[in-house]
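A short write-up of the structure that comes next.
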Amino acid sequence: MIIDIIQILALGISLGGVYALMGSGLSLVFGVMRIVNLAHPAMIMGGAYVAYWAFRLAGADPIAMLPVAVLILAATGLVLYKLVFEREAQSARYSEMTVLLTFALAMVVEGLLGAMFTNTQRITSPEYATDAYFVGDVFVPKGQLFAAVTSVAIISALALFLKYSRFGNAIRATTQNREAAQLLGVNVNHVCLVSFAIGVGLAGAAGALVSFVFSFFPSKHWEWIVILMSLVVLGGMGSVLGTVLAAFILATASVFVGFYFGATWSTLTFFVALFVVLLVRPQGIFGEKPELA
Amino acid sequence: MKTSKAIVVTIAATLAATASTAEIKIGASLPLTGSFSIAGSKHEQGYELCVDLINQRGGILGEQVKLIISDNRSDPATAINQFERFINVDQVDAVFGTFSSRLSFPVANILEKNGYVHPLPAGGALRIYTQGHERVFYFQPNAAEYVGATLQGVIEDLVPADNRPTTAAVVAADDFFANAIEAGLLGTKVTDPGDGSLVEDMAPGFLVDTGIEIVYSEKWPEEGFNDWINLANSIKRSGAELIVALTASAEETVQITRALQTVRAEPKMVYYSQGTQSEFYEGTGDASESVMTHTSWHPEVPFSGVLAGEEFTNQDFVDAFKAKFEEMPDEDSAIPFAVCQGIEQSILGAGSTDNGEMAAWLKARTNDDPVRTILGRFSWDSRGLAIDKPFLMAQWNGGELQFIYPTDEFPGVAMMSYPKQGF
Numbered sequence: 001m002i003i004d005i006i007q008i009l010a011l012g013i014s015l016g017g018v019y020a021l022m023g024s025g026l027s028l029v030f031g032v033m034r035i036v037n038l039a040h041p042a043m044i045m046g047g048a049y050v051a052y053w054a055f056r057l058a059g060a061d062p063i064a065m066l067p068v069a070v071l072i073l074a075a076t077g078l079v080l081y082k083l084v085f086e087r088e089a090q091s092a093r094y095s096e097m098t099v100l101l102t103f104a105l106a107m108v109v110e111g112l113l114g115a116m117f118t119n120t121q122r123i124t125s126p127e128y129a130t131d132a133y134f135v136g137d138v139f140v141p142k143g144q145l146f147a148a149v150t151s152v153a154i155i156s157a158l159a160l161f162l163k164y165s166r167f168g169n170a171i172r173a174t175t176q177n178r179e180a181a182q183l184l185g186v187n188v189n190h191v192c193l194v195s196f197a198i199g200v201g202l203a204g205a206a207g208a209l210v211s212f213v214f215s216f217f218p219s220k221h222w223e224w225i226v227i228l229m230s231l232v233v234l235g236g237m238g239s240v241l242g243t244v245l246a247a248f249i250l251a252t253a254s255v256f257v258g259f260y261f262g263a264t265w266s267t268l269t270f271f272v273a274l275f276v277v278l279l280v281r282p283q284g285i286f287g288e289k290p291e292l293a
Numbered sequence: 294m295k296t297s298k299a300i301v302v303t304i305a306a307t308l309a310a311t312a313s314t315a316e317i318k319i320g321a322s323l324p325l326t327g328s329f330s331i332a333g334s335k336h337e338q339g340y341e342l343c344v345d346l347i348n349q350r351g352g353i354l355g356e357q358v359k360l361i362i363s364d365n366r367s368d369p370a371t372a373i374n375q376f377e378r379f380i381n382v383d384q385v386d387a388v389f390g391t392f393s394s395r396l397s398f399p400v401a402n403i404l405e406k407n408g409y410v411h412p413l414p415a416g417g418a419l420r421i422y423t424q425g426h427e428r429v430f431y432f433q434p435n436a437a438e439y440v441g442a443t444l445q446g447v448i449e450d451l452v453p454a455d456n457r458p459t460t461a462a463v464v465a466a467d468d469f470f471a472n473a474i475e476a477g478l479l480g481t482k483v484t485d486p487g488d489g490s491l492v493e494d495m496a497p498g499f500l501v502d503t504g505i506e507i508v509y510s511e512k513w514p515e516e517g518f519n520d521w522i523n524l525a526n527s528i529k530r531s532g533a534e535l536i537v538a539l540t541a542s543a544e545e546t547v548q549i550t551r552a553l554q555t556v557r558a559e560p561k562m563v564y565y566s567q568g569t570q571s572e573f574y575e576g577t578g579d580a581s582e583s584v585m586t587h588t589s590w591h592p593e594v595p596f597s598g599v600l601a602g603e604e605f606t607n608q609d610f611v612d613a614f615k616a617k618f619e620e621m622p623d624e625d626s627a628i629p630f631a632v633c634q635g636i637e638q639s640i641l642g643a644g645s646t647d648n649g650e651m652a653a654w655l656k657a658r659t660n661d662d663p664v665r666t667i668l669g670r671f672s673w674d675s676r677g678l679a680i681d682k683p684f685l686m687a688q689w690n691g692g693e694l695q696f697i698y699p700t701d702e703f704p705g706v707a708m709m710s711y712p713k714q715g716f
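Which chain is which? The protein sequence lines are A and G, in order. Under our numbering, the first residue of the first sequence is numbered 1, with each subsequent residue one higher. Under our numbering, the first residue of the second sequence is numbered 294, with each subsequent residue one higher.
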């Protein structure tokens, strides 16, 4: 029994680490810009393809390729923001508009990836991807562990940047109160631009890690959006820390459910969490309760 | 006067153009994106190659064939809409079937209602053939429920009695096709989803019939499942000597194989319902060693068919495919190619694209006078299932997919490697 619990925690925490990075960029972008970026998982796919082709053509390790994936996707984020989102920023229905925009963007990205790389499934295969550390009867998959450790390192760096850098303070100020930040001299548009690029860059980083944990193909992102949304909602819309915590909680819960109740039910964990949180505590763990008008 | 002349000239030109561009239109809705996209894209290649070769040889009944392909995104509702569009808007002369039982089952009703011949490249669930449809024709050896008979044959014919697996873990995608194979292996009842009536009782099941005890069985949802390592760990903990993973796509086969490798499972034998694709080997490498999967086609099987009235062998197909796509085909391209051959032969046999006549001609085929394809000879029973065609069992060895069973049908059968030496 104890061994089983330790095994569940080992698998849940390592899987949660992967989900944490996948969801953190989504959360950051929502926190700063109030954009529910439905194209975020499609961007993750972009990062996965960067890692895949580097691995296939040059044998490059996907974790080593992570900075490249971040740079390419962050640059893509800058361009996308300028082309798609900036002009809508003054719209009275900005949030609603961006849901439609990002939905359309997800389809465009999927189409482009399909046209460029075909719709066949891909996965990278560094040696650690299918290996594990065994301690007695308990094991930890190396692939998920390495991905989780890398993920936590990146998120920690992001947290330090947000807390201690001048620009990080500007991002946090914009997250907390956009108008007040603007009155205090924060260039909100510039903050949004950089935040969006960071968010998409995080998607690139997550993609590099995902490339050896899960197989992927252009339309796979539709399966991920529910998982990521449940993390963001449980953590509190816009709270990166909350998303990370939710990732570990829900991943462990899904492994627990799969272990004791069967694989059929493990995926349901995320859907149930989404519904329950929206019903019971819509602001999530760290989100603020919306003020009544 | 001038206006009248212009109208007459325009009508004449239009008629002339119509006459000169007479063509046979064939529609195919395929899952080019979504969870079945690997197989769907390969089906597209098979259909395209076949139509190209037919057109290069002068078309069918002197008319060029125009192939209309739509992407149904692996979604049944979209597949239905697209076939309805083929029928009502494009007014196609014939259709090619789609991939997977999940998509083929609802599509079968639409095509039957509109009187179209429905040639299925994939869609092995028995329930598709027990709806009373008159014009369905399955271009694979048998319904998925009976795939287990081939696995039983492999174990009983190729494995010494004192070294056979005695326990099995059977895990399956909650998918039409995977559920059908599972029903045969585990011996459950197949029922009609419409009225709940019994279609076939598969008891006691092929595994029990082989003397194998089922020690673990589990299902995973058909979409969004990521907990592969947890599932693989449960399989390993069951201690099963035979692992049966009834996957619905090559992607799932890669995932379950990598997870079993990660947890260091050590079964004697592994069988998957999907895994003939090169993508499987690319994603699993040496872990694929000794993995078995059933198949309807193999490049080295000496089948010989007919295309445009001329002999067209399996080797001709492999050569043509490599020339056009610069890669080796697998069964997901070969089976739709055979479907296309069947439709071509039925149009030639009927002398027109009257689907009623085409169906009658297909139904009249016998073992001695069959439809001849690169998958071999086809004639069908009253349900639309092929008569007297065995599945092949293939096995990955040294990065090659070799066919190992049956051993007495063709030359070139490889030795089965057994037991499997880990992943």
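Just so you know, even glycine gets a beta-carbon here, dropped at the ideal spot from N, CA and C.
Subject >> G:D386 to G:M651 span [Cα, whole Å] >> reply: 11 Å
Subject >> Under 7 Å from the C-beta of G:S514: neighbouring residues of chain A >> reply: It is Pro, not Ser, that sits at residue 514 of chain G in the sequence shown. Per Cβ cutoff of 7 Å: T264, T267.
Subject >> Residues of the region 196 to 215 of chain A whose Cβ lies closer than 8 Å to any Cβ of chain G, in chain order >> reply: For the region 196 to 215 of chain A, which is checked against every Cβ of chain G, the residues closer than 8 Å are F214, S215.
**OP:** Could you tell me whether the Cβ atoms of G:A436 and G:L413 are closer together than 7 Å?
**Re:** no
Subject >> Proximity winner among G:G692, G:M709, G:L694, G:E693, relative to G:T700 (alpha-carbon distances) >> reply: Ranking the options by Cα distance to G:T700, first place goes to G:M709.
**OP:** Return no unless some Cβ of chain G is closer than 7 Å to the Cβ of A:L11.
**Re:** yes
**OP:** Taking the CB atoms as reference points, tell me whether A:L11 and G:N523 lie closer together than 7 Å.
**Re:** yes
Original post:
Which residues bound the alpha helix (DSSP H) around G:A482?
Top reply: Just to set this straight, residue 482 of chain G is Lys in the shown sequence, not Ala. Note, G:K482: premise wrong, no alpha helix (DSSP H); beta strand (DSSP E) at 482 to 484.
Original post:
Comparing alpha-carbon positions, which option in G:A401, G:D345, G:I362, G:V344 lies nearest G:S333?
Top reply: Note that residue 333 of chain G is Gly in the sequence shown, not Ser. Out of G:A401, G:D345, G:I362, G:V344, G:I362 has the C-alpha closest to the C-alpha of G:G333.
**OP:** Please say whether G:A321 and G:F389 have beta carbons closer to each other than 7 Å?
**Re:** yes
Subject >> G:M686: first and last residue of the uninterrupted beta strand (DSSP E) it sits in >> reply: 685 to 690
Original post:
Where do the ends of the alpha helix (DSSP H) carrying A:V70 lie?
Top reply: 66 to 80
Original post:
Is the region 199 to 214 of chain A touching the region 248 to 256 of chain A, taking contact as three or more C-beta pairs under 8 Å?
Top reply: Verdict: no, contact absent.
Subject >> Anticipated Cβ contact below 8 Å, G:P324 with G:S367, distance rounded >> reply: Cβ atoms of G:P324 and G:S367 come within 8 Å of each other, at about 4 Å.
Original post:
Counting only beta-carbon atoms, is G:E702 nearer than 7 Å to chain A?
Top reply: no
Original post:
Is G:E593 helix, strand or coil by DSSP?
Top reply: In this structure, G:E593 counts as coil in the three-state DSSP scheme.
Original post:
Sorted by chain position, which residues of the same chain lie with C-beta nearer than 8 Å to A:L240's C-beta, five sequence neighbours on each side aside?
Top reply: Looking at the sequence itself, residue 240 of chain A is Val, so the reference to Leu does not match. Within the same chain, A:V240 has close Cβ partners S24, S27, L28, G31, I155, L158, A159, L162.
Original post:
Which residues mark the beginning and the end of the alpha helix (DSSP H) in which G:E475 is found?
Top reply: 469 to 479 is the span of the alpha helix (DSSP H), which, as asked, contains G:E475.
Original post:
Nearest to G:F684 by CA position, among G:G677, G:E702, G:I353, G:G692, is which residue?
Top reply: G:E702
Original post:
How would you list, in chain order, the residues of chain A whose beta-carbon sits under 8 Å from the beta-carbon of G:E544?
Top reply: Q121, S215, F217
**OP:** Could you tell me the distance, in whole angstroms, from the CA atom of G:Q424 to the CA atom of G:K656?
**Re:** Near 17 Å, if we compare the C-alpha coordinates of G:K656 and G:Q424.
Subject >> Contacts that G:S581 makes with chain A (C-beta to C-beta distance below 9 Å) >> reply: Simply none; closest approach about 12 Å.
Original post:
Hey, is the region 345 to 362 of chain G in contact with the region 534 to 549 of chain G, meaning 3+ C-beta pairs nearer than 8 Å?
Top reply: In short, these stretches do not touch, since the Cβ pair count stays below three.
Original post:
For A:Y128, which of A:M97, A:L66, A:Y260, A:P62 has the nearest alpha-carbon?
Top reply: A:P62
**OP:** Taking C-beta pairs closer than 7 Å, name the residues in chain G that A:V255 reaches, listed in chain order.
**Re:** D520, N523
Original post:
Mind checking whether A:A48 and A:S211 have CB atoms under 7 Å apart?
Top reply: Less than 7 Å divides the Cβ of A:A48 from the Cβ of A:S211.
Original post:
Is the beta carbon of G:E427 sitting closer than 7 Å to the one on G:M495?
Top reply: no
Original post:
Smallest Cα separation from G:Y698: which of G:G691, G:G692, G:A707?
Top reply: Taking only the C-alpha atoms, the option nearest G:Y698 is G:A707.
Original post:
In chain order, what residues of the same chain have a beta carbon less than 6 Å from the beta carbon of G:N365, not counting five sequence neighbours either side?
Top reply: S322, P324, T371, A372, Q375
Subject >> Unbroken beta strand (DSSP E) run spanning A:Q283, endpoints >> reply: No beta strand (DSSP E) contains A:Q283, which DSSP labels as neither H nor E.
**OP:** Keeping to the same chain, check which residues put their C-beta closer than 7 Å to that of A:M237; ignore five residues upstream and five downstream.
**Re:** F30, G284, G287
Subject >> Range covered by the beta strand (DSSP E) that runs through G:V358 >> reply: 357 to 364
Original post:
Can the beta-carbon of G:I421 be found less than 7 Å from the beta-carbon of G:S397?
Top reply: yes
**OP:** Mind reading off the beta-carbon distance from G:W513 to G:A466? Whole number of angstroms is fine, and I expect it under 8 Å.
**Re:** 6 Å
Original post:
Using a Cβ-Cβ distance under 7 Å, would G:E722 count as near chain A?
Top reply: Nothing about residue 722 of chain G can be read from this structure; chain G reaches only from 294 to 716.
**OP:** Anything in the region 478 to 493 of chain G with a Cβ closer than 9 Å to a Cβ of chain A? List those residues in chain order, please.
**Re:** Within the region 478 to 493 of chain G, not one residue has a Cβ closer than 9 Å to any Cβ of chain A.
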